Amino acid sequence: MGASWQNTITIRTDVLGISIHIDMNLFEGKENEIVLPLRDAEVSYFPNFISSEVADQYFEHLLNETDWQQDDIKIFGKVYAQPRLTALYGESGKPYSYSGITMHPKPFPPILSEIKQKVEAVSKVNFTTVLLNLYRDGNDSNGWHSDDEKELGTNPVIASLSLGTKRKFHLRHKTETSLKSSLELEHGSLLLMKGSTQHFWKHQLPKSKRIHDPRINLTFRVIKA
Ligand SMILES: O=C(O)CCC(=O)C(=O)O
Ligand SMILES: [Mn+2]
């Protein structure tokens, strides 16, 4: 994986049409938490959550060993192949449904239990389930949505680990439409969304013509129902 540690990060946040660029200096090897300045949300970004070398190993292993599937989704009555591959792993057999798809979890393999422990140490939450997304290239994407399915309960904590090619991640407020934010999710980074974030904000991973390499994303969740 060509990605390496970055010493600075730029987060773009549009408030009432004014663009604020926040450039932060990061110290290598430190688990720096960057709290995004978003109203009605609690979003933190940990750019160097996992070292580049370990993230490379996780990426290769998960790319090759995961039981990837591609489901169909229905949009305005038409059926399309979901623009990414997915896999669901969970502690119990409880299914997870979103966008008209119901997924049945497989038991956690050792590598995902190891990653889960690391993510739980920072999130202070015991997750039951992880949804994996494989974006094969820039043609794959994840459209505007909130992680607000009823199985997740109110104010869910979602911990999202990124491996592979960095991709843009957008957030936008549901009612105050001038409130937006964009950041790049880097190899080995963790994005933590909690509090009222899913209630007030949507997020997406847009397509990009410039991206030709794959990215894997792991979103850890608590399935309550
Ligand atoms: O790939 C990402 O970073 C976002 C994934 C996501 O939002 C989801 O699976 O709900
Ligand atoms: Mn999501």
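Sequence positions in the sequence shown follow our numbering and run 1 to 225. Beta carbons are placed, not taken as given, at the ideal position from N, Cα and C, and that holds for glycine. Note that the structure is predicted; figures quoted are calculated from it, not measured.
Counting along the chain, Leu112 sits inside the alpha helix (DSSP H) bounded by residues 110-123. As the crow flies, the alpha-carbon of Phe49 is around 24 Å from that of Lys180. In this model, Ser178 and Trp201 are separated by some 12 Å (Cα to Cα). Taking 7 Å as the cut-off, one finds at least one heavy atom of ligand 2 near enough to the beta carbon of Asp147.
For Leu185, the shortest C-beta to heavy atom distance toward ligand 1 is below 7 Å.
In this structure, His199 has its CB at a distance of at least 7 Å from all heavy atoms of ligand 2. Here Ser123 has Val157, Ala159, Leu192 as same chain residues with Cβ atoms under 7 Å from its own Cβ, once five neighbours each way along the sequence are excluded. At a threshold of 7 Å, Phe49 does not count as near ligand 1, since its beta carbon sits no closer than that to any of the ligand's heavy atoms.
The three-state secondary structure of Leu152, taken from DSSP, is helix.
Residue environment: Phe76 is assigned as exposed (fewer than 16 neighbouring CB atoms within 10 Å of its CB, all protein chains considered).
Counting other Cβ atoms within 10 Å of its Cβ, Glu114 stays below 16 and is therefore classed as exposed.
Judged by DSSP in its simplified three-state form, Glu91 adopts coil rather than helix or strand. In this structure, DSSP gives Glu184 an extended state, which the three-state scheme calls strand. The alpha-carbon of His170 is positioned some 21 Å away from that of Asn32.
In the same chain as Met103, and ignoring 5 residues on each side of it, the C-beta atoms closer than 6 Å to its own belong to Leu88, Tyr96, in chain order.
Per DSSP, the unbroken beta strand (DSSP E) holding Thr219 starts and ends at 215-221. Taking every protein chain shown into account, the CB of Lys116 has 16 or more other CB atoms within 10 angstroms, so this residue is buried.
Secondary structure note for His199: its alpha helix (DSSP H) is the uninterrupted segment 197-200. Using a cutoff of 7 Å, the CB of Thr219 counts as near ligand 2, since one of the ligand's heavy atoms is closer than that.
Counting the other Cβ atoms within 10 Å of the Cβ of Asn133 gives 16 or more, which makes it buried.
As DSSP reads the structure, Val79 sits in a beta bridge with Lys74.
Taken through DSSP and simplified to helix, strand or coil, Ala55 comes out as helix. Each of His61, Glu65, Thr66, Ser99 was checked against the Cα of Val79, and the nearest Cα belongs to Ser99.
The beta carbon of Tyr135 lies closer than 6 Å to those of Arg84, Arg215 in the same chain, with the five residues before and after it left out.
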